[in-house]
């Protein structure tokens, strides 16, 4: 705690002198109302300007500080966000990521003692405290060219170990410990995902510059697939080493991505912005910031941000995919398809680009074109080189398009192909089993499929529901009730689950419970389903019930 007091004193010193108040209380209230109205209307630039003007007059206002902070993060105004954090620091009411702003500011200004103070404050007061040892390691690299960060043994700090595994490799590369970094890079294969790809793309040029071209090419091939040959030599090849700023940005990006995936985009955007402020040209920071903005209904700003990534970048394809998804979410389905087609036309041998075009066509309702595109994808050598699990997931996509187009027999074959490639693919198992149940096809085998899906992911409400519905159709009503009650108790249980539970209660003789479950289903059901449930509430369960999922 020794370092916390000085940082609070430094914050206090910034606001010893209060600014003059507004000419009248009414003027101030009107200005605040106008700023709030702009914020509610998603005019965050106007909102921020209004709040900042008020903030200049009342620099010690905690309420204004919070409004400035949220809108500054949305608009990418680091100076305004930092100023608001300092005021909140005085009130001991900073958001969990607040000390990271203080750290980033000090790090950028090379004020190392203040950076360490901020890391200590983060560790003492924030949910992000596990980051503190990593932040100190980057300060050490910046000041001494060395680091001593290692993973912690046992399960003493699982969050730290999870996020430190790639950071240690970045640190090793930044300090010239390439042999040690190479071992760490091999371990990253088990981590997978964008974290692995980002690290490989950053590390490749470093090893190539040191003469280890074969290893560099192997990494970049694994990270980029068919994109590698066409792009590695055109962009980012000048990066001969990993800078502390890039390493820090990679940390912020990885945590931001996790937050966004957990559906908490506000702090996710803050971390993504920190990455962008730390390394403005780092493509993963741009893409992650755009992703967070899209989640917060800032699609247009996100698309503009993604335009910063040039076509020669190893990240261009990912940026195009993100941009097309944003256009789709904003209702511009044709624009999304056109962008996906542009990407595909530039490299028709890329399985990723071919698949993405199929997805955009399918989501635009152009099912025959989507199915044809998916089939073209399967003929590509790049697709055939993919791991079985990846090809299995692709077959599930193909099945969904075929099923949506009314071609169930072909969809069923695609799902069987997916299971043959990846017997533990819960999505394929559940899709096949539930679809068979709805069609009354071989209920025994259908139950076996959904049971395998449930056994693979017992915390999934959808898979628990499917198994409960299979038990119901097999006449095992008490067992069905038990399983469907579990499905209904899991977060995000939908109307289908409660309707199934009501049906099971009815068959098990629990009529009052059945009506209670049906009432719960009716709350979130669409019009057609709500009408069907109304008939059950009035007359009970008909003899033959099939509820689409």
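Numbering (the working numbering), first residue to last: 2 to 550.
For every residue, glycine included, the Cβ atom is placed at its ideal position computed from N, Cα and C.
Note that this is a predicted model, so its numbers are computed, not measured.
Determine the direct distance from the alpha carbon of residue j to that of residue i, and round the result to whole angstroms.
i: residue 153; j: residue 162; result: 6 Å
i: residue 82; j: residue 314; result: 30 Å
i: residue 337; j: residue 329; result: 6 Å
i: residue 538; j: residue 516; result: 6 Å
i: residue 529; j: residue 425; result: 34 Å
i: residue 141; j: residue 367; result: 55 Å
i: residue 96; j: residue 204; result: 33 Å
i: residue 193; j: residue 249; result: 19 Å
i: residue 485; j: residue 441; result: 19 Å
i: residue 288; j: residue 536; result: 49 Å
i: residue 423; j: residue 390; result: 6 Å
i: residue 446; j: residue 435; result: 11 Å
i: residue 262; j: residue 46; result: 26 Å
i: residue 180; j: residue 210; result: 14 Å
i: residue 302; j: residue 317; result: 18 Å
i: residue 373; j: residue 409; result: 16 Å
i: residue 513; j: residue 297; result: 42 Å
i: residue 1; j: residue 541; result: The requested residue 1 does not occur in the structure, where the chain is confined to residues 2 to 550.
i: residue 354; j: residue 34; result: 47 Å
i: residue 492; j: residue 335; result: 35 Å
i: residue 349; j: residue 76; result: 37 Å
i: residue 138; j: residue 215; result: 30 Å
i: residue 272; j: residue 251; result: 10 Å
i: residue 525; j: residue 105; result: 44 Å
Taking Cβ positions, are residue i and residue j nearer each other than 7 Å?
i: residue 397; j: residue 428; result: yes
i: residue 404; j: residue 393; result: no
i: residue 466; j: residue 498; result: yes
i: residue 402; j: residue 371; result: yes
i: residue 433; j: residue 453; result: no
i: residue 505; j: residue 464; result: no
i: residue 518; j: residue 532; result: no
i: residue 631; j: residue 268; result: Nothing can be reported for residue 631: it is not among the residues displayed for the chain, which extend from 2 to 550.
i: residue 400; j: residue 421; result: no
i: residue 284; j: residue 310; result: yes
i: residue 69; j: residue 56; result: yes
i: residue 255; j: residue 293; result: no
i: residue 100; j: residue 123; result: yes
i: residue 172; j: residue 136; result: no
i: residue 280; j: residue 242; result: no
i: residue 488; j: residue 462; result: yes
i: residue 74; j: residue 270; result: yes
i: residue 107; j: residue 88; result: no
Using the Cβ count rule (16 or more neighbours within 10 Å means buried), how would you classify residue i?
i: residue 169; result: buried
i: residue 500; result: buried
i: residue 275; result: buried
i: residue 206; result: buried
i: residue 167; result: buried
i: residue 102; result: buried
i: residue 48; result: buried
i: residue 363; result: buried
i: residue 290; result: buried
i: residue 128; result: exposed
i: residue 188; result: exposed
i: residue 202; result: buried
i: residue 388; result: exposed
i: residue 520; result: exposed
i: residue 266; result: buried
i: residue 534; result: buried
i: residue 376; result: exposed
i: residue 84; result: buried
Kindly indicate which residue of the options has the alpha-carbon position closest to the one of residue i.
i: residue 543; options: 507, 434, 303, 435; result: 507
i: residue 94; options: 64, 364, 193, 503; result: 64
i: residue 86; options: 98, 264, 75; result: 98
i: residue 527; options: 469, 221, 496, 181; result: 496
i: residue 352; options: 383, 334, 176, 335; result: 383
i: residue 395; options: 409, 378, 487, 410; result: 378
i: residue 244; options: 199, 447, 176; result: 176
i: residue 346; options: 365, 333, 321, 488; result: 321
i: residue 120; options: 110, 133, 108, 126; result: 133
i: residue 29; options: 46, 58, 45; result: 58
i: residue 490; options: 32, 459, 343; result: 459
i: residue 361; options: 308, 325, 160, 523; result: 325
i: residue 72; options: 305, 174, 299, 339; result: 299
i: residue 112; options: 131, 91, 143; result: 143
Cβ of residue i less than 7 Å from any chain C Cβ?
i: residue 520; result: Among the protein chains of the structure shown there is no chain C, as only one such chain exists.
Handout entry: Any alpha helix (DSSP H) of 4 or more consecutive residues that is wholly inside the region 109 to 178
Key = The region 109 to 178 is shown to contain whole alpha helix (DSSP H) runs of 4 or more residues at 113 to 126, 133 to 145, 159 to 175, in chain order.
Exercise for the section: Run through the region 404 to 436 for me and flag every whole alpha helix (DSSP H) of 4 or more residues, listed as ranges in chain order. Expected result: 409 to 422
Handout entry: Those runs of the alpha helix (DSSP H) which lie wholly inside the region 456 to 497 and span at least 4 residues
Key = 462 to 474, 478 to 490
Problem - Contained beta strand (DSSP E) runs [length at least 3] in the region 515 to 540, N- to C-terminal order - result: none
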